[in-house]
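A short worksheet on the structure shown next.
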Amino acid sequence: MATSWRVLRVTLLLFLLVRCLSVASITLIDDADDDLEGLEELLAIDEEEEQKGGGGDGGGASNRSSEADLLRRAQRIVLELSNENAKKVVDSNEAVLLLGYTPWCPKSAELMPRFAEAATTLREMGSSLVVAKLDAERHAKAASLLGIKGFPTILLFTNGTALAYRGGFTKEEIVIWARKKTGVPVIRLSSINDAEEFLRQHQIFIVGLFEKYEGPEHVEFVKAATTDNEIQFVETNDINIAKVLFPEVGTEKKFIGLVKSEPERYEKFVDNFEEQKILQFVDYNKFPLVTVLTEQNSARVYSSTIKLQVFIFAAANEFKDLYPLLQDVARPYKTNIMFVYVDNAEDNLAKPFLTLYGLEAEKPIVTAFDNRIGSKYLLESDLTRNTLEEFCSGLLYGYLPPYFKSEPIPNEKGLIEKVVGKTFNASVLDSSENIFLEVYTPWCFDCEATSKQIEKLAKHFKGLENLKFARIDASSNEHPKLQINNYPTLLFYPAGDKSNPIKVSKKSNLKELIAFINKNIRSDDGRGITDIITHDESFQNPAAAAAAELIKWLLKKHNSIKRQEEDGGRNNTHDNEKFLDHRYSGAYGASNS
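Under mature numbering (1 follows the signal peptide of the UniProt record, and there is no 0), the letters of the sequence shown match residues -20 to -1, 1 to 573, in that order.
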């Protein structure tokens, strides 16, 4: 009987819940103001249930369902928008934080629960921010109207004006950004209990100690907090509260420090209290000595103001052994070079980088980037303390040679020579020949047709000593003198001027390509290429070809007559008719008419 009553009670609660949700859904369509009122009613019900405590099933069942209840409450806090109410919600509220998503997007699915958690935290912190979401596939009209173009997209509407969020996917990052952009750049702590609670909830933050929350130093602190988009700033006027957060605070009347959950936990600011200097201090110290790259922090790493970056690719067990060495080497460079570890098992993170170098993760690999000039580097010797220190020094002071990837040097040479990064100098730039180079990639849609065209062209000019055809796969080979972004690209390197290649239109047909080569190549004795190329006559000048054939025929005729005189003569009608039937005889006649 007790079990039946419990089942009945659960059924009734589910019925009421569905009814409430249905009413809320209908209300969303009818009126945005009623949306918010209905949402408040549902949240009030949740709070009443929490105050009443658990039911007859005991604490175990309640504990098991607590996480699901928290997620359910978090999702309720996020208002669902539609084509009918989206514009009104945005226009009628001072600030709206909106998530644009689609059901089929994996990134949207990953972000959705974090976004809901951020909504809960913002509400608990007393924020008046309206947090909403929009299925951009189902409500495409509203998505277009609000400027949602990719997925997922987070937009903050302040008095109807949109600001795009470009940070990470964690709850903390979303909350910090939203509060900073809605006028709360700094959290003020007034008790030790508040400080202890804050410390439990934040992994990284900036703490400021001021006698009074005024004056030029405090103004610069707040300006820096407002400009920064990632790190939570907190302030207090009590040194004992400050010491809870930063135990190394001395007797200063004003103080700024950075706290992070890393071995290098505390960093003290020792410069003038100016916005830009505070921001620079944050940028130089917010990352650990060796940052582990993740999907969550990748955007922050790539956008770091530290433009010299060393990347270490290794398996997790290898990194564990290398970690002390990496920390020791990184420490002197912490404001100049950023050290980043990438787990080789994380294909989404490691593979794109290794592809840039044409490498496979068979052992620990050390690479580097100078993002100021777009150059990349590779530690080609074994990884030791000395080689890594020398590599970092070379990166910092600019004497490392840039790395250009290359396939292995090919052994055989065909009609069209395969050029790789390592042979580009010898095969192209240092060659005494004229070079016709095809630059392609395997994934290029138009490259296959162009390659077939170039093969026909190479056959046409086969045997010409001062002309060589070559091709290079730009996806696997690089060279500083070959900076190509569009594929296929056709380049002609004249024998006497390799520093100024001529770009040939890839839209040219075979006849036009032959004409181009005829125009740009001269033989050793100064004759044009048309004077010495005859093995593909269908693409020659018809009149010139006819003249050449006539000369051959006259010579042959002369020799024939001479033989006839020696042999006593014979009928030449057959030879005359043979020339008249030749494909070039008409062209010759036209040229002389």
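Where is the CB? At the ideal position from N, CA and C, for every residue including glycine.
For clarity, every value in this text was computed on a predicted model and none was experimentally measured.
- When C-beta atoms of the stretch 174 to 188 are compared with those of the stretch 128 to 135, fewer than three pairs fall below 8 Å, so the two segments do not count as touching.
- In terms of Cα proximity to T469, the closest of V400, I452, A122 is I452.
- In the three-state scheme derived from DSSP, where H, G and I count as helix and E and B as strand, L358 is classed as strand.
- In this structure, the beta-carbon distance from A348 to Q289 falls below 8 Å.
- Residue environment analysis places I415 among the buried positions, since at least 16 neighbouring C-beta atoms fall within 10 angstroms of its C-beta.
- In this structure, K461 sits near L409, with a CB-CB distance shorter than 8 Å.
- For A295, the secondary structure class from DSSP, reduced to helix, strand or coil, is coil.
- In the three-state DSSP reduction, G338 falls in the coil class, being neither helix nor strand.
- Counting along the chain, the unbroken alpha helix (DSSP H) around K432 starts and ends at 427 to 440.
- At the C-beta level, P344 and A310 stay beyond 8 Å of one another.
- In this structure, L376 keeps its C-beta atom at 8 Å or more from the C-beta atom of L368.
- Following the DSSP letters along the chain, one finds V187 inside the beta strand (DSSP E) bounded by residues 184 to 189.
- Distances from the alpha-carbon of Y81 to those of F131, Q256, W157, E254 put F131 closest.
- Rounded to whole angstroms, the gap between the alpha carbons of K248 and I236 is 6 Å.
- Taking F253 as reference, the option from K223, F441, V199 with the minimal CA-CA separation is V199.
- Taking 8 Å as the upper bound for CB-CB distance, V400 and F371 are not in contact here, some 25 Å apart.
- In this structure, K398 sits away from E458, with a CB-CB distance that is not shorter than 8 Å.
- DSSP places E369 in the uninterrupted alpha helix (DSSP H) bounded by 365 to 377.
- Residue state for G195 is assigned as coil, using DSSP reduced to three classes.
- For R94, the closest C-alpha among the options S284, N489, G148 is that of G148.
- By the C-beta density criterion, L61 is buried, having at least 16 other C-beta atoms within 10 angstroms.
- Shown here for E413: same chain residues with a beta carbon closer than 7 Å to its own, the five before and five after excluded, namely N446, L447, K448, A475 in chain order.
- The C-beta distance from A222 to T231 rounds to 11 Å, too long to meet the 8 Å contact threshold.
- Judged by DSSP secondary structure, N414 falls within the beta strand (DSSP E) whose first and last residues are 414 to 420.
- Burial is judged here by how many other beta carbons sit within 10 angstroms of a residue's own beta carbon; F226 has at least 16 and is buried.
- Within the stretch 213 to 294, the complete alpha helix (DSSP H) runs of at least 4 residues fall at 219 to 225, 255 to 265, 278 to 282.
- Of all alpha-carbon atoms in L78, P381, I154, I184, the one lying nearest the alpha-carbon of T141 is that of L78.
- DSSP places K113 in the uninterrupted beta strand (DSSP E) bounded by 110 to 115.
- Short of 8 Å from the beta carbon of A279, and not among the five residues preceding or following it, lie these beta carbons of its own chain, in chain order: R146, G147, G148.
- Exposed is the label assigned to R118, since fewer than 16 other Cβ atoms lie within 10 Å of its Cβ.
- One alpha carbon belongs to K402, the other to Q463, and they sit about 15 Å apart.
- For V166, there is no enclosing alpha helix (DSSP H); the residue is found in the beta strand (DSSP E) stretching over 166 to 168.
- DSSP lists Y420 as the beta-bridge partner residues of D453.
- Assigned with DSSP and collapsed to three states, E97 falls in helix.
- G195 and K113 have their C-alpha atoms spaced approximately 41 Å apart.
- In the three-state DSSP reduction, V399 falls in the strand class (E or B).
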